[in-house]
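Numbering (my numbering), first residue to last: 56 to 255.
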């Protein structure tokens, strides 16, 4: 599975969601060990998406301005810029060239992201990170629309809303078995034959 066609994409594992902010996602700490296991398994085949904040609500486009008026305490002018950094164990692994900054939910809205994957011959994306029902989900649907084979690692994604997390895995993503596989960290790391078949 850890071949030249597969890329592990870590979504928004940042201090912004790990620490005591209004966007605190407690499950981030729960899934971090599995995210680290996946990073080790995929070695140089991991990219780290980061959700970036506008300086003020007026710096955001369209309806994002209303969104950031609601969350004005989490704009660039109101918080320490370092809160957008990856959590420490991942920051130590992530060189600048493998960090992808995005200002919307989906990593595919980062300029050149899909083109970068295509240029590298990537056909399959393995997703981990937060939140299952927001930025992970948006990125997964864009990946599916772009024709990638998607794997969502069930115990390496999390949400601040446990019910929405379960609904996304059990009811939304499960509707697309031809395009999305939902697998565990252990199965992926072990490279079991049944899992390998599912990833072909």
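Where is the CB? At the ideal position from N, CA and C, for every residue including glycine.
Assign residue 90 to one of two classes, buried (16 or more other C-beta atoms within 10 Å of its C-beta) or exposed (fewer than that).
If you number the chain shown from 1, residue 90 lands on position 35. Buried, by the Cβ-count rule.
Residues bridged to residue 63 [DSSP beta-bridge criterion]:
Translated into the one-based positions of the chain shown, residue 63 becomes position 8. As computed with DSSP, residue 63 is found in a beta bridge with 101 and 181.
What is the residue span of the alpha helix (DSSP H) that residue 199 lies within?
Within the chain shown, residue 199 is the residue found at index 144, counting from 1. 192-200 is the span of the alpha helix (DSSP H), which, as asked, contains residue 199.
CA-CA distance, residue 197 and residue 230?
Sequence index remark: in the chain shown, residue 197 carries index 142 (1-based). Sequence index remark: in the chain shown, residue 230 carries index 175 (1-based). The straight-line gap from Cα to Cα measures roughly 16 angstroms.
Exposed or buried, what is residue 65 when buried is set at 16 or more other beta-carbons lying within 10 Å of its beta-carbon?
Here the question's residue 65 lines up with position 10 in the chain shown. Counting Cβ neighbours within 10 Å, residue 65 comes out buried, since at least 16 surround it.
Closest to residue 234 by CA distance: which of 177, 203 and 105 is it?
On the chain shown, position 179 is the one that residue 234 refers to. If you compare the alpha carbons of 177, 203 and 105 with that of residue 234, the shortest gap goes to 203.
Bridge partners for residue 204 per DSSP, in chain order?
For this step, residue 204 is matched to residue 149 along the chain shown. Answer by DSSP bridge pairing, in chain order: 179.
Cβ separation of residue 167 and residue 212, assumed to be a contact under 8 angstroms, to the nearest whole Å:
By 1-based counting over the chain shown, the position of residue 167 is 112. By 1-based counting over the chain shown, the position of residue 212 is 157. Residue 167 to residue 212, Cβ: 25 angstroms. No contact.
Close beta carbons around residue 59, own chain, < 7 angstroms, minus the five adjacent residues each side:
Stepping through the chain shown from its first residue, residue 59 is reached at position 4. Cβ neighbours of residue 59 beyond the five flanking positions: 176.
Counting only runs of 3+ residues fully inside the segment 92-164, write out the beta strand (DSSP E) ranges in chain order.
Look at the segment 92-164 and you find these whole runs of beta strand (DSSP E), each 3 residues long or longer: 101-106 and 154-157.
Burial state of residue 122, where buried means 16 or more other Cβ atoms lie within 10 Å
The residue given as residue 122 occupies position 67 in the chain shown. Residue 122 is exposed by the Cβ-count criterion.
Please report the straight-line C-alpha distance between residue 180 and residue 94, rounded to a whole angstrom.
Numbered from 1 along the chain shown, position 125 holds the residue referred to as residue 180. Numbered from 1 along the chain shown, position 39 holds the residue referred to as residue 94. Residue 94 has its alpha-carbon roughly 13 angstroms from the corresponding atom of residue 180.
Count the other C-beta atoms from every protein chain shown that fall within 10 angstroms of the C-beta of residue 100, then say buried if there are 16 or more, exposed otherwise.
The residue labelled residue 100 in the question sits at position 45 within the chain shown. Its Cβ being crowded by 16 or more others within 10 Å, residue 100 is buried.
As a quick exercise: from 124, 126 and 215, pick the residue whose alpha carbon is nearest that of residue 83.
Counted from its first residue, the chain shown places residue 83 at position 28. It is 215.
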